[in-house]
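Going from the sequence shown to the numbering used here is simple: count from 1 and add 8.
Here is the structure we will look at.
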Amino acid sequence: MAVLWRLLAFVSPYRWRFTLAALCLLAGNLSAIAIPRLMGQAVDQVLGQGSLSGLLTLALLILGLSVLRGAFAYGQSYVGEWVSQRVAYDLRNAFYQKLQTLSFGYHDRQQTGDLMSKATADVEGVRWFLNMGTLRALQLLVLVIATSTILLLLNWRLGLIAMAFMPLVAWRAIAVSTSLRSVWLKIQALTGEMTTILQENLAGQRVVKAFAAEEYEQQKFNAKAGQLSQESLVAGQSQAANSAQMTFLFIVATGVILWYGAYEVSAGRLSPGGLSQFLFYLGLLAMPLRTTGWIINSFTRAASSGQRLFEVMDASSPVRERPGAVALGRVKGHVAFRNVSFSYDSSVEALTDISFEARPGQVLALVGPPGSGKTTIVHLLPRFYDVTSGAITVDGLDIRDVNLASLRQNVGIVLQDVFLFSSTIQENIAYGRPNATLEEIIQAGRRAQLHDFVTSLPQGYQTWVGERGITLSGGQRQRLAIARTLLLDPPILILDDSTSSLDTETERLLAQALAEVMRGRTVFVITHRLSMVKGADLVLVMKEGRIVERGNQQELLALGGVYAALHVLQQSGRQDSQATLADR
Numbered sequence: 009m010a011v012l013w014r015l016l017a018f019v020s021p022y023r024w025r026f027t028l029a030a031l032c033l034l035a036g037n038l039s040a041i042a043i044p045r046l047m048g049q050a051v052d053q054v055l056g057q058g059s060l061s062g063l064l065t066l067a068l069l070i071l072g073l074s075v076l077r078g079a080f081a082y083g084q085s086y087v088g089e090w091v092s093q094r095v096a097y098d099l100r101n102a103f104y105q106k107l108q109t110l111s112f113g114y115h116d117r118q119q120t121g122d123l124m125s126k127a128t129a130d131v132e133g134v135r136w137f138l139n140m141g142t143l144r145a146l147q148l149l150v151l152v153i154a155t156s157t158i159l160l161l162l163n164w165r166l167g168l169i170a171m172a173f174m175p176l177v178a179w180r181a182i183a184v185s186t187s188l189r190s191v192w193l194k195i196q197a198l199t200g201e202m203t204t205i206l207q208e209n210l211a212g213q214r215v216v217k218a219f220a221a222e223e224y225e226q227q228k229f230n231a232k233a234g235q236l237s238q239e240s241l242v243a244g245q246s247q248a249a250n251s252a253q254m255t256f257l258f259i260v261a262t263g264v265i266l267w268y269g270a271y272e273v274s275a276g277r278l279s280p281g282g283l284s285q286f287l288f289y290l291g292l293l294a295m296p297l298r299t300t301g302w303i304i305n306s307f308t309r310a311a312s313s314g315q316r317l318f319e320v321m322d323a324s325s326p327v328r329e330r331p332g333a334v335a336l337g338r339v340k341g342h343v344a345f346r347n348v349s350f351s352y353d354s355s356v357e358a359l360t361d362i363s364f365e366a367r368p369g370q371v372l373a374l375v376g377p378p379g380s381g382k383t384t385i386v387h388l389l390p391r392f393y394d395v396t397s398g399a400i401t402v403d404g405l406d407i408r409d410v411n412l413a414s415l416r417q418n419v420g421i422v423l424q425d426v427f428l429f430s431s432t433i434q435e436n437i438a439y440g441r442p443n444a445t446l447e448e449i450i451q452a453g454r455r456a457q458l459h460d461f462v463t464s465l466p467q468g469y470q471t472w473v474g475e476r477g478i479t480l481s482g483g484q485r486q487r488l489a490i491a492r493t494l495l496l497d498p499p500i501l502i503l504d505d506s507t508s509s510l511d512t513e514t515e516r517l518l519a520q521a522l523a524e525v526m527r528g529r530t531v532f533v534i535t536h537r538l539s540m541v542k543g544a545d546l547v548l549v550m551k552e553g554r555i556v557e558r559g560n561q562q563e564l565l566a567l568g569g570v571y572a573a574l575h576v577l578q579q580s581g582r583q584d585s586q587a588t589l590a591d592r
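Below is the structure:
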């Protein structure tokens, strides 16, 4: 119930419209409740008095009330749908906004497909609960109270017999609700897992095709879809059983009332029209009672969906702004790591006791084998993660004391895994600055050695880039990502192995362009190509999360340590490759 009450709190901004929907529902029910009363009077008038003179008036009243009932039903349906759609809009936006505030540390542990399922299927479950579940439950409550009161006033004996069935209905409702809650939680979780399989399959179609793994993927999807289908059948079976039992109870109640009502009529304590009213009122309750299972289903599904949504919305991001965090202006770019250690899972340290300084205008290179901690260092600088111990400062300010947005505006980063959006080349370059002029975009493209390629395309900068940039080569994607970062004109620039997919000639041209761009900036270069390290003011050699050597390239080669060994290995590997190609 706590989850359901919290979901209902989202109705608060639209409480007047929701109240209007409830009033339409109440007015429609009152119109419906009046109709059996008039029909009972018509029966008494015909059978008791043998008069037909007042039937036309009664018929017109019944017709008028039916029209009113239809009009109010339309109003309740339209306004209820409007409110539910607005609440779904607010809830989905709040969910999405929360996702934007959660750091890499949270997203590392989540499945994309499951989050997509929460933003779609779970929000839709909540919407149905608000529109149909709550209003139908309110309708059932109003009808039960009103008709029970009327039946007791008509004949308290028959009224008590009719009400004797209500505890059975309530017991079934509670039992079904309890059993369905766990089932719906499992269904929603399986939906998320199935969506994850689908999302990964679509994103990795090239790998699936390359390894001829279509049958394996089909079996994996079929297995999860089968589990989902089975659990959905369990939920459907519970709903069907509940509806059948409600119908059976209604039929039994009708039979008992008809039998005892005939006795009351013969005893003179109830008129034939009064008995007709009893049966008409029971008929009025029939449909709402039969939909009790559906109402319970909407409540239990909403409780399950709300629980899954609130798990994300209540999640605490490992990276949070401190109260009173200051906004950074444009920084000079003096970066310092002070005894920094970091662990992803609080068990094995990814970085241990990292200390260094990068002064404004300096180029700092990070080299070392894969998994040595190079990328982790540059991910800590814009606070994608927070240090476990130690501190990182920019221009003397601890980055944990500054506003996240202002910090990241000062740090431009070209990630190793380039992500491009399904949009034009122009819009992808201008992603960080949507108001940038075409001239500025072209200038960034020139600096990244991308302009000549773009102008060779029929549509130039308006060329559409496929999903994740699939229509571009690896080198073209990386140059576009570099142009996107350069457009921001950041005082601190991070190149995370951003030249790994470039050919030798493009790398040379890009190096010339970057030499101009790097002036006046603090630049961090992560690379496996030691040729990119030549101009670095400081080279940090990483191994197993520690800095094992530091200095410029000449000093490190003279040292004859890890860097010198990497240099020799890379040179010999290049020569071996050239010899192999010559042999072929």
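Glycine included, every Cβ here is placed at the ideal spot set by N, Cα and C.
A quick note: this is a predicted structure, and the numbers were derived from the prediction, not measured.
7 Å Cβ shell around residue 195 - same chain, five flanking residues per side excluded: Close CB contacts of residue 195 within its chain, under the 7 Å cut and outside five residues either way in sequence, are with 236, 239, 240, 243 (chain order).
Min CB distance residue 395 to chain B below 9 Å: Going by chain labels, chain B is absent from the structure shown, which holds only one protein chain.
Chain-order list of residues whose beta-carbon lies under 7 Å from that of residue 351 (same chain, five-residue window excluded): 357, 358, 396
C-alpha distance - residue 429 paired with residue 23, whole-angstrom precision: Cα to Cα, residue 429 sits roughly 39 Å from residue 23.
Continuous alpha helix (DSSP H) stretch holding residue 340: start and end: Per DSSP, residue 340 belongs to no alpha helix (DSSP H) and is neither H nor E.
Cβ pair count under 8 Å reaching 3, the region 9–25 against the region 89–98: yes
Cα-Cα separation, residue 257 to residue 152: 15 Å
Selection from 45, 418, 51 that minimises the alpha carbon distance to residue 73: Answer by Cα proximity: 45.
Identity of the residues DSSP links to residue 365 by a beta bridge: DSSP, once it has assigned bridges, lists 344 as partnering residue 365.
Three-pair Cβ contact test at 8 Å for the region 164–178 versus the region 327–341: They do not touch, by the three-pair rule.
Residue 322 - DSSP class collapsed to helix/strand/coil: coil
Sufficient close CB pairs (3 or more, under 8 Å) joining the region 405–414 to the region 313–330: yes
Residue 272 burial status per 10 Å Cβ neighbour count (16 or more: buried): buried
Spatial neighbours of residue 303 in its chain, beta-carbon cut-off 6 Å, leaving aside the 5 residues before and after: Excluding the 5 residues flanking it on each side, residue 303 has same chain C-beta neighbours closer than 6 Å at 141, 144, 145, in chain order.
Buried versus exposed, by CB contacts within 10 Å (16 or more), residue 313: buried
Alpha carbon of residue 66 to alpha carbon of residue 279, nearest angstrom: 18 Å
Nearest-angstrom Cα separation, counted from residue 248 out to residue 10: 27 Å
Residue 528: first and last residue of the uninterrupted beta strand (DSSP E) it sits in: Careful: residue 528 lies outside any beta strand (DSSP E) and carries neither H nor E.
Rounded distance between the beta-carbons of residue 360 and residue 554, thought under 8 Å: 5 Å
From 170, 156, 162, 93, residue whose alpha carbon lies closest to that of residue 132: 93
Contact under 9 Å by Cβ, residue 126 with residue 266: no
For residue 551, three-class secondary structure by DSSP: strand
Alpha helix (DSSP H) segments (min. 4 residues) lying fully within the region 109–145: As far as the region 109–145 is concerned, its whole alpha helix (DSSP H) runs of at least 4 residues are 112–115, 120–125, 131–136.
N-terminal and C-terminal residue of the alpha helix (DSSP H) that residue 460 is part of: 459–463
Straight-line Cα distance separating residue 203 from residue 585: Confidence at residue 585 is low in this model, with a pLDDT of 42, below 50, so its placement is unreliable and the value that follows should be read with caution. The straight-line gap from Cα to Cα measures roughly 43 Å.
Residues near residue 17 in its chain [Cβ-Cβ closer than 8 Å; skip 5 each side]: In its chain, beyond the 5 residues on either side, no residue has a beta carbon closer than 8 Å to the beta carbon of residue 17.
Whole-angstrom C-beta distance between residue 374 and residue 534, which should lie under 8 Å: 5 Å
Beta-carbon spacing of residue 389, residue 502 below 9 Å: yes
Proximal residues to residue 590 (C-beta, below 6 Å), its chain only, five neighbours per side dropped: Because the pLDDT of residue 590 is 40, which lies under 50, any placement of that residue in the model is unreliable, and the number read from its coordinates should be weighed accordingly. Excluding positions up to five away in sequence, the list is empty.
Chain-order list of residues whose beta-carbon lies under 8 Å from that of residue 588 (same chain, five-residue window excluded): Model confidence at residue 588 stands at a pLDDT of 38, short of 50, so the residue's coordinates are unreliable and nothing is read from them.
For residue 311 and residue 305, the rounded distance between their alpha carbons: 10 Å
Given residue 485 as reference, the closest of 432, 315, 444, 34 once Cα atoms are compared: 432
Euclidean distance between Cα positions of residue 563 and residue 364: 17 Å
Coil, strand or helix - residue 398 by DSSP: Here DSSP, grouped into helix, strand and coil, assigns residue 398 to strand.
Alpha carbon of residue 493 to alpha carbon of residue 421, nearest angstrom: 6 Å
Buried or exposed by the 16-neighbour rule on C-beta atoms within 10 Å, applied to residue 259: So residue 259 counts as exposed.
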